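What follows is one structure encoded as C-alpha cells, with my remarks underneath.
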Amino acid sequence: MTSKIDPSNPHFTGVDREQWIHIYQQMLRIRLFEDTANELYRSAKMPGLTHMYSGQEAVAVGVCEALRPDDYITSTHRGHGHCLAKGAKPNIMFAELLGKAAGYCRGKGGSMHIADMDSGNLGANAIVGGSAGIATGAAMSAKMRGSSQIAACFFGEGALGQGLLYEVMNMAQLWQLPVLYVCENNLYNEYTHYSETTAGDLLKRPQAFGIHGEEVDGQDVRFVYTTALRLVEQVRTSQSPAFLQCNTYRFHGHHVGDIDRTYYRSKEEEAQWRTNRDPLTILSEWMMAQEIVDQALLADIGHEIEGETEAAVQFGLNAPYPDVSEVNQHVYA
Amino acid sequence: MTSKIDPSNPHFTGVDREQWIHIYQQMLRIRLFEDTANELYRSAKMPGLTHMYSGQEAVAVGVCEALRPDDYITSTHRGHGHCLAKGAKPNIMFAELLGKAAGYCRGKGGSMHIADMDSGNLGANAIVGGSAGIATGAAMSAKMRGSSQIAACFFGEGALGQGLLYEVMNMAQLWQLPVLYVCENNLYNEYTHYSETTAGDLLKRPQAFGIHGEEVDGQDVRFVYTTALRLVEQVRTSQSPAFLQCNTYRFHGHHVGDIDRTYYRSKEEEAQWRTNRDPLTILSEWMMAQEIVDQALLADIGHEIEGETEAAVQFGLNAPYPDVSEVNQHVYA
Amino acid sequence: MSMPDGNARVITFAQAINEALAEEMRRDERVFIIGEDVAEAGTPFKVLSGLVQEFGRDRVIDSPISEPGITGLSVGAAMTGMRPVVDIMFGDFITLTMDQIVNQAAKIHYMSGGKLKVPMVLRTTLGATRRSAAQHSQSLHAWLSHVPGLKVVVPSTPYDAKGLMKTAIRDDNPVAFFEDKLMFQDKGPVPEGEYTIPFGVADIKREGTDITLVATSSMVQVALKAAEMLAETGISAEVVDPRTTFPLDKERLIKSAIKTSRAIIIDEGYERYGVTAELASVIADGAFYYLDAPVKRMGAMDVPVPFSPVLEDLTVPTPETVTHMAKMLCGKL
Amino acid sequence: MSMPDGNARVITFAQAINEALAEEMRRDERVFIIGEDVAEAGTPFKVLSGLVQEFGRDRVIDSPISEPGITGLSVGAAMTGMRPVVDIMFGDFITLTMDQIVNQAAKIHYMSGGKLKVPMVLRTTLGATRRSAAQHSQSLHAWLSHVPGLKVVVPSTPYDAKGLMKTAIRDDNPVAFFEDKLMFQDKGPVPEGEYTIPFGVADIKREGTDITLVATSSMVQVALKAAEMLAETGISAEVVDPRTTFPLDKERLIKSAIKTSRAIIIDEGYERYGVTAELASVIADGAFYYLDAPVKRMGAMDVPVPFSPVLEDLTVPTPETVTHMAKMLCGKL
Ligand SMILES: Cc1ncc(C[n+]2csc(CCOP(=O)(O)OP(=O)(O)O)c2C)c(N)n1
Ligand SMILES: Cc1ncc(C[n+]2csc(CCOP(=O)(O)OP(=O)(O)O)c2C)c(N)n1
Ligand SMILES: [Mg+2]
Ligand SMILES: [Mg+2]
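Chains as they are written, first to last, in our numbering: chain R, 1 to 333; chain Y, 1001 to 1333; chain X, 2001 to 2333; chain B, 3001 to 3333.
The structure is reproduced here in C-alpha cells:
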C-alpha cells in the first residue's frame, strides 16, 4: 500500500505510511499505559497519586517524533506521555511508578521524576515550570559543545505563571539557544480554568522576547508532528529558540484522585472532547480514510500494545522493592 | 506673567506656570541632593555606597507630580530621586544616609531602604525588581479598600530580568489593579549595556499581558509629566494597570565608587548626554523661551535650593547616631 | 497542659484551621486569602472548603501558579492596611518565595525603623510519608526559623491549630504557619467559642519524669505514642511541644530537661542544620549541669525524600525508633 | 595545621579564587562562569578580573539580572556535560535561587536513582559590616547546609580558598561556595603549584589546650585574634576551622573539644537555627562526658543587619566579645 497522504495538504506530504502507523502506536502506548496506571491506583497497588496524560498524546508524540534520539526533553508532573514518546520502556516505567528497584530511578523518583538519559529525558519535574531552566541550560550546553542537539521543554499553560520561564526565554533569545518551548494548553491549572489565571494572548509572551511562536491543534497529531518537524529543524539549523503552543485537553482529572470535577468543568465539556477530539480517533479515522491502515491492522496494533502493556505492568508488579540500604545511597555522586 | 505654554503643543497645555516652576525646583532639589551625597562619599563622611539619580530627575518628578499625595510608590537602590519627588524631606534623608537616628528609618535602612509612609513611599529596595510585588499588592489593597489610590512602581530596565515582574504584571492585568509600572531605561545594568541583557522590544513585555504600554523621552519632563498625568488618570479611573517606559541616562557611575567607566561606556557618550540631554537644562531653556522664568528667577531658585540642601546636610551631619539599645528594637512590631 | 474544656466538639485539624480562618474573616474584613485553587477547590487538601461561599471570590482569591508573585502581592497588601493569608500549597514551594518572605516581609519593619509593618500569614505544609517524592515532602521550617523578623508556628493538634492560627492572623508580623499534610484528617476536641493561643508558650502534651521528648508538629503524635510504649517498660516520658519554633519557649524546654535529666528532640525537618540542632543546643546549654546523658536529635534522614514506600518510611522518626533511642539514653537497652 | 610551603607567594583572597578558576578553566574546557557583570567588570568585587580576557565571552558570560534563571540554566548545563560556576553576587540573592538549587540541583542525582548528576558550583558571598544594610549583608549558608545533596564551603584564608575552589569545581555534586566580602583583600601565602584541599577536613588554625574556638569563614580571623588576646591572659585557645559545613568533620571538632573541655562556636550567620546550633549540638553530644562547661554559640545577632555603623558593628562577634565569652567559660572573669 503506498501512502495516500493528501497531496493537496502541504502539511502532511512527505511523511510516509510507516511513520504515521508508528505515531499511532506511540499514542496508543501512552493511552494504555495511563489506563493501566489508573487501574493500579484504583486497586490500591500504586503508592501515591499520578497525573494522567490521556487526551494529550498527540502533543508528546508529535513533538518527540520530530526530535533526534539524542535531543533532550524536560517534562512535568504529567510526564508519562513525554517519557514514552521519547523512548522510555513501559515496563521500567511501571516499575518506577510502583517504587521498585527496576524502575528508571530505582524507585526513588516515582511518577513525577522519571528521568532517562539514554533517551535524552532529563526528567519529569514536580515543580510547575521548574524544568524551564534545565531545558534552556541543556540547549546552552549543546551549543557550547557543538553537538547540534536541541532541547524541547514541555510544560502546561499553568507554568506561564512562573517567572522563571520569562527569565530563561529572555536568555534563550539573547544567546540564540536551540530550545523548543512546548506549551500544552489543556485549559486547566489543576481545578482552575486557565482564563482565570492567564492574562492576554499566550503566544504574545514568547513573542515579547522576539521568540518565534506558533499555535497548533494539539488533538491532531498530523499538525503537531509536521509543525514540530519544521520548528525543530529551524531551532537546530538557526540555533535559536522557538515556542509551540498546543491546544489540548486532559480527559481525566488533574490526578487520579480527582473524581468529582463538575465544580470546575462540566460533564458535557468532557464528553465533547472525548467524543470529537480524541487524538487517537482523529488519527485512526484519517489513516483509514487514507487507506494507510484498515480495521484489521488497527485491531492488530491494539492487541499488540495491550499485550505489551500487560506484560509491562506485570514486570513492575513482580519486581522487587529496593533494598533498604539504598535509602541513603545516591545522595551524592 | 501668564503662562506661555505653546498652545499648539497639546502635550503641554493646561499646565500652569507655577507647576512647571515647581517641577524645576523638585528636579534641582534631587540634583543638588545627589551632588551633596557624592561629596559626603568622597570626603568619607557617608558609610557605604550610594547610587545616584542625577540625569534621571525628569522621570521621578514627572511621574510623582502626576500622583496624589496618598498614592503609593515603590523605589529602587537608586531611590533618592523617587523619595524626594514623592515628598520626602532632604534633611531627614541625609540623616538616614548618614545612619543617624533622625533619619526616615532611624538610620537602620540607609540609602537603599528609605521608606516614608507619610508621603506614600513604601520603600526603596535593594533587590532588583524586589518591589514589583509590593507595588502591585498595594494597588490590590487600594482597590480592596476602595480608596481610589494607585501605586507607581519604579524600576530600572535591569529589573526586566527578574521573573517576579512578569508574575505580578499578569495578576495586575487579570485583576485589573491600579498600578503604574515605570521602567527607567538608563541603558545600563550596573556595568553591562542593557542590549546585552534584554531580548526584543521592552514595551512588548507588558503588552504581552494585555497591559497598555507607552514610551517617553525620560529627559524631557514635559513629556514625562503630561504622559504620566494621562496614564495616572487612566489607571485610577479604569482601575487597570499601565506601563510607562522612560528612556533616560545616569550621569554618574553605577554607584559613587564607580569612577573608571570607560570599559563599559565612553566618555563621549557621557558628555553627549550631559551636554545635550540634561533634564534640568531642557526644562529651564524651554521655560526661558516660554518666558515662564527668567535668568534671575532661575538663579533665585538655585540659591534657595542650595541653601536648603546645605542646611539639610548639616542637619544630617549634626544629628546623633541611634542609641546602641536600638540595635534589637523594631525586629518585631 | 493547655486543653479544651470537657465537652468540646471533636473536629479535624483541617476543620480547625478552616474555622479559625472563617472566624477571623468574619471579625476583620481586612483578612483575605490568596493562593492556588483556594476558592471553589478549597485547596487540594480541601482545608478551605466553604470559605469562598461565605466570603466570596474577592476575599478567597484563586491565583495563577506564581508563588513569588502572590507572596510579593501579600507583602504590599499587608503594608497598606490589609491582612493577607497566602497559601503555599506544598512547603517545598516556599523555595520560590524566599526573597519576598526573607528579604522583604521579614525586614521591612526593621529597615523602616519601625514605621512599616507586614501583618501577613504564610500558610504552608510540611511532612513526608505521603508517597509524594522529593519535591513534595520537605519540612523546611528550619529555614524560616533562622530569619529574624519572622515567627514560625508548627501546630500539632486541632486545638492548637485553631488557637494559633487566630493568633497568627492577629499578629502584626509575618508569620509562617506549617501544617502537616498527614494530620489534616486527625481529630481532636476544639471548643466552639473564641480562643487564642499565645506564641512562644510550649505545651506539655504529657507529663513524665525520666526523659523529655521535645517534639514538633507531626512528631508530637509520634512522641506521644513512644511515651506510651515507654510507659510499658517503666520509663516515664514527658512530651513537650514548643508549638512555635520562634518565639521559642526556651525556659519550658530547659525546665523539663532539668527535671528529667535526659532529652530527645524530634522533628520532621532534615536533621542536619535543622530544628533539632537549635533545640538540642538550647537544652544542652541551659540544662548543662543537670543532664545525665547527651541530648539526642532525631530529625528526618538527611536524604531527599524517596518515593518508594519501603525507603520513604525509613526517613522519618517513628514511635519505635524514638522508643529505642529513649531506652538507650535511660540505660534500659 | 595544613599550610603552604615556606616560600609561597603572598596573594589576596580574591586572587586565590581567581587563580583557582583560571587553572580549572585551563585544565577543563567544560568549566564556564555565568553571572551578572562577571566579564569585563570582573564582578563588582573584581574577583574575576582578567578571566574574560583569557577565556572569552563564551566562557565568562555576562547574564541578565536573573538569579533563578542563571541557576536553572546551570543545572541543565551541568546535567548535560558542562561544569558551570554560577556567580550570585550577594549571598542575600540566593533567596531567589532556592527552588533551582534545593528542589532541582540538590535532588536530581538521588531522584534519578544515581543516573544524572549536577556538577556545578554556586559562588556567592556572606558577611556584614560593609554598611550595605539588611538585603546585602546576610550569611545564609545555614540554609544550604541543611539540604541533603548539597555541599557547602566556607573558606577563611587565600590558601584554603584556592584549594577548596579547585575541589569544588572537580566535585560531581552541586557545591555552594561562600566567600566573605570583607576578606577579598586579605592576603596570605598561596603556592603557585597545583593543589586541592579535600572537603570535610577541618583545619586546626591554631593549637591550644584550654578552650576550643570553632570558627567559620569571616570568623576565623576573629577567633585567631581572640586567641592572641586570650594568650596574654594565660588562656590557650585552639582555633578549629571546619572549612566545609557539609561534609562536616565532626570527629576533629569533637576531638578538640574533648582535649580542651570547653568550646565556643563562632559563625557570622544569624545565631538562631544557624550553623552554630549544629556545631554546638554535635560537640555537646560527642564530647558530652568531657566538657567542663556548656558549649557556647556566637552567631550574628538575630536582627536584620542595620545600616548605621554604630548598630551594625554590634551584630557580629568580635575578638573582644569572643575573648569575653572564653574567659567566662574558663572561669577567669
Ligand atoms: C511551583 C508549583 N506550584 C504549585 C504546584 C501544584 N500543582 C501541581 S500541577 C498544578 C497545575 C499545573 O497546571 P498546568 O501547568 O497547566 O499543567 P497540567 O496539570 O494542566 O498538565 C499545580 C498548581 C506545583 N507542583 N509547583
Ligand atoms: C536581585 C538582585 N540582583 C543583583 C543585584 C545587584 N545589582 C544592584 S543594581 C544592579 C543593576 C540594576 O540595573 P537597573 O535595574 O537597570 O537599575 P539602574 O542601576 O540602572 O538604576 C544590580 C545587578 C541586586 N541588587 N539585586
Ligand atoms: Mg493545564
Ligand atoms: Mg539601568
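Ideal placement from N, C-alpha and C gives every residue a C-beta, glycine not left out. These numbers were taken from a predicted model, which means no experiment stands behind them.
{"query": "Residue 1265 of chain Y versus residue 1257 of chain Y - alpha carbon distance", "result": "16 Å"}
{"query": "Boundaries (first-last residue) of the alpha helix (DSSP H) holding residue 3257 of chain B", "result": "3250-3260"}
{"query": "Per-residue burial, residue 3044 of chain B [other beta carbons within 10 Å of its own, 16 or more giving buried]", "result": "buried"}
{"query": "CB contact check: residue 3137 of chain B to chain Y, cutoff 7 Å", "result": "no"}
{"query": "Three-way DSSP call (helix, strand, coil) for residue 3189 of chain B in this model", "result": "strand"}
{"query": "As assigned by DSSP and simplified to three states, the class of residue 3181 of chain B", "result": "helix"}
{"query": "Own chain partners of residue 326 of chain R with C-beta closer than 6 Å, once the 5 adjacent residues on each side are dropped", "result": "none"}
{"query": "Near-chain Y residues of the region 2114-2129 of chain X - C-beta to any C-beta below 7 Å", "result": "2114, 2115, 2116, 2117"}
{"query": "Residue 1188 of chain Y beta carbon near ligand 4 (any heavy atom closer than 6 Å)", "result": "yes"}
{"query": "Proximity test, Cβ basis, 7 Å: residue 2336 of chain X and chain Y", "result": "Not covered by the structure: residue 2336 of chain X. The range shown for chain X is 2001 to 2333."}
{"query": "Three-state class that DSSP yields for residue 2303 of chain X in the structure shown", "result": "coil"}
{"query": "Residue range of the unbroken beta strand (DSSP E) whose run includes residue 2263 of chain X", "result": "2263-2270"}
{"query": "Bridge partner(s) assigned by DSSP for residue 1242 of chain Y", "result": "Y:1180, Y:1212"}
{"query": "Residues within the region 3269-3302 of chain B neighbouring chain R, beta-carbon criterion of under 8 Å", "result": "none"}
{"query": "Close-in-space but distant-in-sequence residues of the same chain around residue 2078 of chain X (CB under 6 Å, 5 per side omitted)", "result": "2084, 2118, 2119, 2120"}
{"query": "Per-residue contacts from residue 113 of chain R into chain X (C-beta, under 8 Å)", "result": "2133, 2134, 2135, 2307"}
{"query": "Cα-Cα separation, residue 1292 of chain Y to residue 1154 of chain Y", "result": "30 Å"}
{"query": "Proximal chain Y residues relative to residue 261 of chain R, where beta-carbon distance stays under 8 Å", "result": "None at all; the shortest Cβ gap to chain Y is about 23 Å."}
{"query": "Closest Cα partner of residue 2129 of chain X within the set X:2219, X:2179, X:2316", "result": "X:2316"}
{"query": "Residue 232 of chain R and residue 85 of chain R closer than 7 Å at C-beta", "result": "no"}
{"query": "Contact the region 135-144 of chain R vs the region 192-212 of chain R: 3+ CB pairs below 8 Å", "result": "no"}
{"query": "Proximal chain R residues relative to residue 2041 of chain X, where beta-carbon distance stays under 8 Å", "result": "190, 191, 192, 263, 264"}
{"query": "Neighbour flag for residue 3242 of chain B against chain Y, beta carbons, 7 Å", "result": "no"}
{"query": "Own chain partners of residue 299 of chain R with C-beta closer than 6 Å, once the 5 adjacent residues on each side are dropped", "result": "none"}
{"query": "Separation of residue 58 of chain R from residue 104 of chain R, as counted between CA atoms", "result": "24 Å"}
{"query": "Chain R contact residues for residue 2066 of chain X, given Cβ-Cβ distances below 9 Å", "result": "161, 162, 163, 197"}
{"query": "Neighbourhood of residue 2186 of chain X by C-beta, 6 Å cutoff - its chain only, sequence neighbours within 5 removed", "result": "2013"}
{"query": "Closer than 7 Å at the beta carbon, the chain Y residues around residue 3037 of chain B", "result": "1190, 1191, 1192"}
{"query": "Distance cut-off 6 Å: residue 218 of chain R Cβ against heavy atoms of ligand 3", "result": "no"}
{"query": "Near-chain B residues of the region 112-131 of chain R (beta-carbon distance less than 7 Å), N- to C-terminal order", "result": "113, 115, 117, 122, 123, 127, 130"}
{"query": "Alpha-carbon to alpha-carbon, residue 322 of chain R and residue 3074 of chain B", "result": "31 Å"}
{"query": "Proximal residues, the region 308-326 of chain R versus chain X, C-beta separation under 7 Å", "result": "321, 322, 324, 326"}
{"query": "Closer than 7 Å to chain X by CB, residue 20 of chain R", "result": "no"}
{"query": "Residue 4 of chain R to residue 2126 of chain X span [Cα, whole Å]", "result": "The predicted model places residue 4 of chain R with a pLDDT of 41, which falls under 50 and marks its position as unreliable; any figure quoted below should be read in that light. The alpha-carbon atoms of residue 4 of chain R and residue 2126 of chain X are separated by roughly 57 Å."}
{"query": "Of the residues X:2261, X:2048, X:2076, the one placed nearest residue 2089 of chain X, counting alpha carbons only", "result": "X:2048"}
{"query": "Outcome for residue 287 of chain R when other beta-carbon atoms lying within 10 angstroms are tallied against a minimum of 16", "result": "buried"}
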